[in-house]
Each structure stands twice: as C-alpha cells, then as structure tokens.
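No gaps in the numbering here: position 255 of the sequence shown is 306 in the numbering used here, and each next residue is one more.
In this text, a Cβ means the ideal position worked out from N, Cα and C, and glycines have one as well.
Being a predicted model, the structure only gives us computed values, none of them experimental.
Read the structure below first, then the notes.
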Amino acid sequence: MHDIWNPWHGCVKCSEGCEHCYMYFLDKIREQNGADIYKTKSGFRKPIQRDRKGNYKIRSGEMLRVCMTSDFFLEEADVWRDEAWSMIRQRRDVIFFLLTKRPQRVKDCLPKDWGNGWDHVFFNVTCENQRRADERIPILLELPFKHKGIMCAPFIGRVSIRPYLATGQIEQVKCGGENYDGARPCDYEWVKLLRQECLDYGVTFCFIETGTQFKKDGKTYFLKDKRLQSEMACKSGVSFKGKPMDFLLVDDWGYPIPKEQLYIPYFRERCDLCGSKLICNGCSGCGKCEQND
C-alpha cells in the first residue's frame, strides 16, 4: 500500500493483542520468523525518495502509516530511530501516523528538538481491551503530541474510554476485529458502545473491519475474506466524522502550504464499500484490486 512506511520489520510480542499477530502469521506463510527484527532496505528511505523529475514520490498532504509490521518505539529499533526522525523532520509537509503498544518508552525516544510536539505527527496507542486502555491512554495524555488517537484493534474485549475523551485530547478512534490464525471474536455491542462515547464528544470514529469472528445479536459469523469484513463494517453505518483535525503542514522554508496545493485522495467506486475509507489516503492505482477479483 502506498500509505505505509515500514522502516524496519519484525517485533517482540508484549500484550494480549499480540497473541495472534497478523504480521507473525503472514511471515510464517512466507517461511519467515516475525521475531526477526531488521532494518528494511528499499523501504527505509521511503519518505524522502524522489522520482526521475526530482519530486518527492510521497506528495505534500499525504499520510504515511509508520511501522505497520513492527512498532516505531521498539527497543530493538533504537539504533535506527534517529535517522527515521530525521526524515520525519525533513518532510513537514506529510502527516505521519505513529501507533505503539509501548507508550512508556516514548518520552525517552523523542528527538531533542521535539518541544511540545511536531504539527505533522499523529500519535496513537493500541488498546485491545480495557486493561490496556487504562494502562496506555493515561500515558498518551501526558505525552507532548499535537495530535492523539486511539486504536482498538484487534478489538478483543469491551472498552470504555469516556473519561479520556472528556479531556478533549483524543481526535480519532478506530476499531476492528482480529484476523487470521486463532482470531478471537469481536462483539458488535462493544463497537456500538465505543461509537456512542465518541459521538457524545464529537470524536471521529471508524469501524474498519469486523474481523474473522464477529458476534451480532447473539449470533457468531465467520468471515474469512478481509474485503467482506471491511464491507460489513462499512454497511453497519456506525463510522462518522467528528471534529476536524487540522495539521499544520509547511514547505521547506517553514511556510504553511495552502490547502489547494495539498494531496487530495482519489477513490474508486469500490472504495465506497470499504470500512477504512473515512481515514484512508486514497487509491494509488496499483491495480491489485482488479487482480484479486
């Protein structure tokens, strides 16, 4: 996917949500070990790669989801993180989505010039159940980030975050069920509870996928196809856009970039049935959707 930047790959399991990690599962299929952690070769410098005309391949206004096959604040990646921060600093015209299960490490891993936070970085913590929500969100609230969010995925237990939403710091909440080998059930009642709390505070809520096991109205449905999971989440109609998130994106000279000069996501007709459309970077035109039909 064009909106993912994996500067390193591999991870160390650290909580309940890691038990049936999708990365470990997919690596196993490729006869690899998800516990092997390494700096990626072709992908490490993705934010600053240029085309033949000298233009950045990642355009101003795009969002890059960082470390989707690892954790940006993984201890084993300490030796590479400064270089990653340097690229994030350089591309102040791009939004960087950071997600971690290790918020306790973040404060000591920030750049020296971080100050109160960078305007183009969107920091999120994973909260797969109430235990991890109550452990990680208080740390999130104390950290110096301009933009903060919560990811309840894999959604394996009921989660209430009302007291945290009341602080006014949370701008977006996403949730989705678990996939692949050993997937645990996601209950629609949990989704609706989380959605209502976000609605009460005007915080954007996105239900991205049902997961393989989805419980609704006392019945359990088994949905192995990820596209179907996404479509079912979309058709539920529970996702909604709350208060706008305003990222201050600037050019190389530090001047704000006019909105009309920023990247506008392009969507195909099939995207209207995708649970992630609300938060998606748009279609890259890679043609893989047609290949999978």
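Among all the DSSP beta bridges, which residues are the ones paired with residue i?
i, result
"residue 114", "146"
"residue 221", "199"
"residue 227", "260"
"residue 169", "Partner(s): none; residue 169 has no beta bridge."
"residue 239", "Answer is none; residue 239 lacks a bridge partner."
"residue 59", "90"
"residue 255", "223"
"residue 270", "267"
"residue 174", "149, 199"
How close, in whole Å, do the beta carbons of residue i and residue j come, if the pair is a contact with beta carbons under 8 Å?
i, j, result
"residue 98", "residue 131", "Not confirmed; about 14 Å, so no contact."
"residue 227", "residue 204", "4 Å"
"residue 90", "residue 58", "7 Å"
"residue 72", "residue 61", "With 8 Å as the limit, residue 72 and residue 61 do not qualify as a contact, their Cβ atoms being about 11 Å apart."
"residue 248", "residue 211", "7 Å"
"residue 256", "residue 263", "With a Cβ gap of about 22 Å, residue 256 and residue 263 do not count as contacting."
"residue 152", "residue 237", "No, residue 152 and residue 237 are not in contact; Cβ-Cβ is about 18 Å, not under 8 Å."
"residue 292", "residue 329", "6 Å"
Do you know offhand how far residue i's Cα is from residue j's?
i, j, result
"residue 189", "residue 123", "19 Å"
"residue 327", "residue 171", "21 Å"
"residue 222", "residue 250", "12 Å"
"residue 87", "residue 156", "21 Å"
"residue 166", "residue 196", "9 Å"
"residue 173", "residue 283", "27 Å"
"residue 353", "residue 145", "For the chain, the structure presents residues 52 to 344; residue 353 sits outside this window and is missing."
"residue 103", "residue 258", "39 Å"
"residue 52", "residue 335", "Residue placement at residue 52 is flagged as unreliable, the pLDDT there being 46, under the threshold of 50; the coordinate-derived value follows with that caveat. Residue 52 and residue 335: Cα-Cα distance of roughly 8 Å."
"residue 286", "residue 304", "44 Å"
"residue 324", "residue 314", "22 Å"
"residue 301", "residue 137", "16 Å"
"residue 115", "residue 109", "9 Å"
"residue 310", "residue 159", "34 Å"
"residue 183", "residue 81", "31 Å"
"residue 175", "residue 198", "8 Å"
"residue 319", "residue 267", "29 Å"
Just mark residue i as buried or exposed, buried being the case when its beta carbon has 16 or more other beta carbons within 10 Å.
i, result
"residue 135", "buried"
"residue 317", "exposed"
"residue 120", "buried"
"residue 271", "exposed"
"residue 177", "buried"
"residue 290", "buried"
"residue 240", "exposed"
"residue 332", "buried"
"residue 100", "exposed"
"residue 15", "Nothing can be reported for residue 15: it is not among the residues displayed for the chain, which extend from 52 to 344."
"residue 295", "exposed"
Mind pulling the beta strand (DSSP E) runs of 3 or more residues that sit fully within the segment 278-334?
none
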